[in-house]
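Enquirer: Residue numbers (my numbering), protein chains in the order written: chain A, 77 to 332; chain B, 3 to 372; chain C, 1044 to 1334.
The C-beta atom is built at its ideal place from N, Cα and C for all residues, glycine as well.
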Amino acid sequence: MSDFLKISRLRKKFDGVHAVENLNFEVRKNSITGLIGPNGAGKTTVFNLITRFLKSDSGEIFFRGETLKNLPPRKIVDLGIARTFQQIRLWKNLTVRENLLLACSKKYDRWWDCFRRRNEADAERKIDEILEKFGITNLKKMHASDLSYGQSKLVELARTILTDAEILLLDEPAAGINPTLLKTIEKIIFDLKKSGKTLLVIEHNMPFLMKISDEIVAIDGGKFLCQGAPAVVQKNPKLLAAYLGDAREILKSEKC
Amino acid sequence: MKKLFFLATAIFISGCTAPNDEKIRLGAILPLTGGMAEMGLELQKSLIAEVEFLNKNGGILERDLEIIFEDGQCNPGVATAAAQKLVRVEKVPVILGGLCSPETLGAAPIAEKNRVILITSVSGAESISDAGDFIFRNAPEGNTNGQIIADHASALGLQKIALVNELSDFPLSVKKTFLENYDGEIFEENFAPGTMDFRTVISKIENEKPDALFFNPQQNQSFKVFLKQLVEAQWSGQLFFNNTVVGNPALYEEIEDFLQKNDAIAGSYDVVPNPQQTAVLERFETQWNRPALFRHLLANQHDSLHLILAAMKKTGDENDTEGIRDFLYGVENFVGASGTFSIDENGDAGKSYSLVKFDGTEFRNFERKK
Amino acid sequence: MIEYFFSLATIALIWTIVAQSYNLSFGLAGLFNLGHVIFFGIGAYAAAILNTRFGFNFLENLGLAALISGTVASGFGILTLRLRGHYLAIATLGAAMIAQVVALNWLELTRGPLGIRGIDEPQIFGEIFVGDTLPHFLLYFGIAATLLFFLWKLFQSPWGRLLRAIRDDELAAIAVGKNIFAAKLWALVLSAALAGVAGAMYAHYRVFLDPSIFALSEIILLILIVVIGGRGNFWGNVASAFLIVGVLSELPRFLNFPETLLGAARNIVYAGLLIATMFWRPRGIFCRRKK
């Protein structure tokens, strides 16, 4: 199915301001799609609408042909869509291990499971695997409040991956991290694609985004601007105009 | 953390007074803090004055008397804890108190279980009569207060009465019998303890145009506030009150004329002066340099104490609580500061209320209309 | 003398159950519920009425009190759990005050301020357990230990972990697909049911009950215990309940304070402890300071 994730005539208004206005675009299966636009363009709002953290005023979102309308946010995860947040949201009072365990399964989520013999070996294994892959096995027993910014970012990403979602919505995964870590995240993203996942990525780091993306969707003022291959989109005059206030970004992208 | 624990234990143990074989020790549970503290403290002061006097005049069984006071706060949980301490730690054979019925009913099970005499001089709840073998009441049953007002109101030919009740134990038992015995029309309003604004209630009452207003509080504070606002509303009509507003002249300051003009009548204990009562009040005044309040309650309490002492004299042993109990059940025509009374098979002194009328300064005896 | 310790310890055991049940909803799940004392009171009144009017016995009342309190909590939770933070606090505080007014006014059911007396002491298979004796204390200790064990298992469980996550960051919990409403509702219902059991134990111990059980002072005492013990800290709350209810509440009686200061003295002690905790051990006196 070409329209794996389809946004159709999506509308959302906040206090009279159109955060998202008649938005249409598609995300192909097993692609890495970038979502760009100036600050305030409505990118995170789109994520919130897809994950049903916000209810749209009108329009629909289809995942694998099924509408997401009226679903509560937790059901979106069950269907296979998971996200990270612009401001990292880890559970500070829990350890890294506990943060990850919570994403792994719902098998023992009910209170009466406290009497059951539990086998979380599977989950523990998955956690160990991903920690190793990310190179942060040493963080396993640490409290999330003691992690550095970069470490927190990796843990949140790991947690999102552990939900076993098919589509991952990453909100600025490259923000505020050093080049070495950036390389790590790049590799993780490519590995995810290789394993069959689909990614929709919001980013302001254009070189990074252009490098990893198969396609770019650009929006501004909540409205669709253009969609296409990175090389094409970044030359789009409407897009350039929208970014006019941020000349350095445009220059950077031209270097690539 | 450990240090804190040991410190607490040390303080705890040091505070346990070792039974002093020299003195005869009784317990007392009264509200020494909280909304009823004015009454509780007055009863405490009276007991202190009595004990001083007794000890100066030979004590009891040739020993000095000591009373250990515990705060009941008019709360059954607190009173129970107080009783626990008095019974288990201080090991008193007799407890005087409580004042409020919840105190008495809270402490009663502890006293009863441990065969300790509990004698209240104030509590009016009906259920105290079967609270136990060792539980005694030297006071009228609260609900008869309602009956006597109802009877008088009927005798006066009053057709409609506005009844304003505080939501506490005593007023509710008064209300119950008032409703049972008054055959006219009743307009009722209830308020929570601590209410400070009665203006809406008063204006509702005025709309009803009753022949009389029966104000039925528990705390003296409620009376103060209500009356002030009633005066402001320029109320005119027969006023009735229950026993709790009697005996505290400070309450009537600045409203003497108002009360008198409206024929203020209350149900109270027989306050017939007698030499014993006069002596009690004199001793209080000597000790505390001012006249006593709630004289009728003090008279009752004095008699309770002396009943106990008479019992101890008879048994010869202050710890023979069974003997004291038997003595108390056999009391007939005891002449005391509160009048002459006997104790019935329920441990009640069978006292009754009489009507008192405000005479410009205080509430005094008044003949009952049959 | 030993009976005196039993009396303090019995009340402390009852309050430990209440506090720990509150620790489940307030401490662990972060539900800012100021009305928890309602469930304790409902359990106590349920037991009192069922026993004095309908002859239900101690064990039956423990179960029925749990059921009744839990059911009330589920209705309450469905109405209020969508509220956040301060709103939930105010709604629950309001509910607690309503509960007191109902207990005071619904004379046919609760006898209002006259209270309910003559509640039976616990009777099991014909054996009466008289208060403040060793058998009675052991009985209550056994029940408390069982309930506390159950609570401990809940705290340690994946569900407990989920509650801590929800308390920390609800949105993140939703983002990994958790049903936070169900988790919070169960936390409230279970904590209410356990408080109800403690209420029934209280009624059968005190054998007299009146509406003062719903007083604001009881609400504050509960919050104090949980804050001092540390929110979510299981053993901390066990210790703080015993310390505050078992030792400190009656300590002023022994300190030879003038009796007229008892009411104030207790509050001064509590306030002092609270202030000291806020200064030196803000996460509870039994929590090691964070490095």
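1) Tell me the rounded alpha-carbon separation between valine 227/B and valine 248/B.
2) For histidine 304/B, count neighbouring C-beta atoms within 10 Å of its own C-beta (all shown protein chains included) and say buried if the count is 16 or more, exposed if not.
3) Can you check DSSP and say which residues form a bridge with glycine 100/B?
4) Comparing the C-beta of valine 91/B with each C-beta of chain C, is any distance below 8 angstroms?
5) Between Ala152/B, Ile69/B, Thr342/B, which has its C-alpha nearest proline 244/B's C-alpha?
6) Which residues in the same chain have their Cβ closer than 8 angstroms to the Cβ of proline 149/A, if we skip the five residues on either side of it in sequence?
7) Is there a Cβ from chain C that is less than 8 angstroms from the Cβ of leucine 170/A?
8) From which residue to which residue does the alpha helix (DSSP H) around threonine 68/A run?
9) Output needed in chain order: residues of the segment 160-189 of chain B with a Cβ under 7 angstroms from some Cβ in chain C.
10) So what does DSSP say about lysine 88/A, is it helix, strand or coil?
11) If we ignore side chains and look at the alpha-carbon of each, how far apart do isoleucine 1311/C and arginine 1326/C end up?
12) Whole alpha helix (DSSP H) runs in the segment 213-295 of chain B with 4 or more residues, listed along the chain?
13) Check whether the segment 1285-1293 of chain C touches the segment 1261-1269 of chain C, counting contact only when three or more Cβ pairs, one atom from each stretch, lie closer than 8 angstroms.
14) Return helix, strand or coil for glycine 349/B, following the three-state DSSP convention.
15) Kindly indicate the opening and closing residues of the alpha helix (DSSP H) around phenylalanine 1277/C.
16) If you measure between the beta carbons of alanine 220/A and leucine 166/A, is that distance less than 8 angstroms?
17) Please check if any C-beta of chain C sits within less than 8 angstroms of the C-beta of alanine 294/B.
18) Considering only the beta carbon of each residue, do leucine 49/B and leucine 307/B sit closer than 8 angstroms?
19) Tell me lysine 2/B's beta-bridge partners as DSSP assigns them.
20) For serine 1050/C, decide whether its Cβ has a neighbour in chain B, counting only Cβ atoms nearer than 8 angstroms.
21) Taking Cβ positions only, does valine 1250/C come closer than 8 angstroms to chain B?
22) Could you check if lysine 311/A is buried or exposed, using at least 16 other CB atoms within 10 Å of its CB as the buried criterion?
23) Are any of the Cβ atoms in chain C nearer than 8 angstroms to that of asparagine 77/B?
24) Taking only beta-carbon positions, decide if aspartate 185/A is within less than 8 angstroms of chain C.
25) Which residues in the same chain have their Cβ closer than 6 angstroms to the Cβ of isoleucine 203/A, if we skip the five residues on either side of it in sequence?
26) So, does the segment 1053-1060 of chain C touch the segment 285-292 of chain B, judging by three or more C-beta pairs under 8 angstroms?
27) Within 10 angstroms of the Cβ of aspartate 199/B, are there 16 or more other Cβ atoms? Answer buried if so, exposed if not.
28) Decide if alanine 20/B is buried, meaning its Cβ has at least 16 other Cβ atoms within 10 Å, or exposed.
29) If you draw a straight line from the C-alpha of tryptophan 237/B to the C-alpha of threonine 179/B, how long is it?
30) Please state the DSSP three-state secondary structure of leucine 1316/C.
31) For the beta strand (DSSP E) that contains cysteine 349/A, what are its first and last residues?
32) Against chain A, which members of the segment 1075-1099 of chain C pass a CB distance test of less than 7 angstroms?
33) Tyrosine 1183/C and alanine 1053/C - do their beta-carbons sit closer together than 8 angstroms?
34) Tell me the residue span of the beta strand (DSSP E) that contains asparagine 2/B.
35) Taking only beta-carbon positions, decide if tryptophan 1278/C is within less than 8 angstroms of chain A.
36) Out of Asn367/B, Leu169/B, Glu54/B, Phe189/B, which one is the CA nearest neighbour of lysine 162/B?
Expert: Quick look at the numbers:
1) Here residue 227/B refers to the residue found at position 225 when the second sequence is read from its first residue. Here residue 248/B refers to the residue found at position 246 when the second sequence is read from its first residue. Here the C-alpha atom of valine 227/B lies approximately 16 angstroms from the C-alpha atom of valine 248/B.
2) The count along the second sequence starts at 1 and reaches residue 304/B at position 302. Buried, by the Cβ-count rule.
3) As a position in the second sequence, residue 100/B is number 98, starting the count at 1. For glycine 100/B, which the question treats as bridged, DSSP gives no partner whatsoever.
4) Position 89 of the second sequence holds residue 91/B. Closer than 8 angstroms: yes.
5) The residue labelled residue 244/B in the question sits at position 242 within the second sequence. Here residue 244/B is asparagine; the residue named in the question, proline, does not match the sequence. Asparagine 244/B has its Cα closest to that of Ala152/B, out of Ala152/B, Ile69/B, Thr342/B.
6) Position 73 of the first sequence, counting from 1, holds the residue named residue 149/A. Hits under 8 angstroms: Thr127, Arg128, Phe129.
7) Residue 170/A sits at position 94 when you count from the first residue of the first sequence. It does: the Cβ of leucine 170/A has a partner Cβ on chain C nearer than 8 angstroms.
8) Residue coverage of chain A in this structure runs from 77 to 332, which leaves residue 68/A outside it and unanswerable.
9) Leu169, Ser170, Asp171, Leu174, Ser175
10) As a working note, residue 88/A is residue 12 in the first sequence. Per DSSP, reduced to three states, the secondary structure at lysine 88/A is strand.
11) Here residue 1311/C refers to the residue found at position 268 of the third sequence. Here residue 1326/C refers to the residue found at position 283 of the third sequence. Answer to the nearest angstrom: the Cα atoms are 21 angstroms apart.
12) 222-234, 258-263, 277-290
13) These segments touch.
14) The residue labelled residue 349/B in the question sits at position 347 within the second sequence. Glycine 349/B: coil per DSSP, three-state reduction.
15) In the third sequence, residue 1277/C corresponds to position 234, counting from 1. Per DSSP, phenylalanine 1277/C belongs to the alpha helix (DSSP H) from 1277-1284.
16) Translated into positions along the first sequence, residue 220/A becomes position 144. Translated into positions along the first sequence, residue 166/A becomes position 90. Yes, the Cβ-Cβ distance between alanine 220/A and leucine 166/A is below 8 angstroms.
17) In the second sequence, counting from the first residue as 1, residue 294/B sits at position 292. No, its Cβ sits nowhere closer than 8 angstroms to a Cβ of chain C.
18) Within the second sequence, residue 49/B is the residue found at index 47, counting from 1. Within the second sequence, residue 307/B is the residue found at index 305, counting from 1. Going by C-beta atoms, leucine 49/B is nearer than 8 angstroms to leucine 307/B.
19) The structure shown has nothing for residue 2/B, since chain B only spans 3 to 372.
20) What you label residue 1050/C is simply residue 7 of the third sequence in a count that begins at 1. True, the Cβ-Cβ gap to chain B drops below 8 angstroms.
21) The residue you call residue 1250/C lines up with position 207 of the third sequence. Output row for valine 1250/C: interface = yes.
22) Along the first sequence, one-based indexing puts residue 311/A at 235. Exposed, since its Cβ has fewer than 16 Cβ neighbours within 10 Å.
23) Residue 77/B sits at position 75 when you count from the first residue of the second sequence. At least one chain C Cβ lies under 8 angstroms of asparagine 77/B.
24) By one-based count along the first sequence, residue 185/A stands at place 109. Closer than 8 angstroms to some Cβ of chain C, the Cβ of aspartate 185/A qualifies, so yes.
25) Taking the first residue of the first sequence as 1, we reach residue 203/A at position 127. Around isoleucine 203/A: Leu176.
26) no
27) On the second sequence, position 197 is the one that residue 199/B refers to. That one is exposed.
28) For this step, residue 20/B is matched to residue 18 along the second sequence. Here the model assigns alanine 20/B a pLDDT of 49, short of 50, so the residue's position is not dependable, and the following value carries that caveat. Around the Cβ of alanine 20/B, a 10 Å sphere holds fewer than 16 other Cβ atoms; the residue is exposed.
29) In the second sequence, residue 237/B corresponds to position 235, counting from 1. In the second sequence, residue 179/B corresponds to position 177, counting from 1. About 26 angstroms.
30) Taking the third sequence and counting its residues from 1, one reaches residue 1316/C at position 273. The answer is helix: DSSP assigns leucine 1316/C an H, G or I state.
31) Since the displayed chain A opens at 77 and closes at 332, residue 349/A lies outside it and no answer follows.
32) none
33) Start at 1 with the first residue of the third sequence, and residue 1053/C comes out as number 10. Start at 1 with the first residue of the third sequence, and residue 1183/C comes out as number 140. Reading off the sequence shown, one finds threonine at residue 1053/C, where the question assumed alanine. Cβ distance < 8 angstroms, so threonine 1053/C and tyrosine 1183/C count as in contact.
34) Shown here, chain B extends from 3 to 372; a query on residue 2/B therefore has no answer.
35) By 1-based counting over the third sequence, the position of residue 1278/C is 235. Chain A, which has no Cβ nearer than 8 angstroms to the Cβ of tryptophan 1278/C, makes this no.
36) For the purposes of this step, residue 162/B is identified with residue 160 of the second sequence, where counting begins at 1. Of Asn367/B, Leu169/B, Glu54/B, Phe189/B, the residue nearest in Cα terms is Phe189/B.
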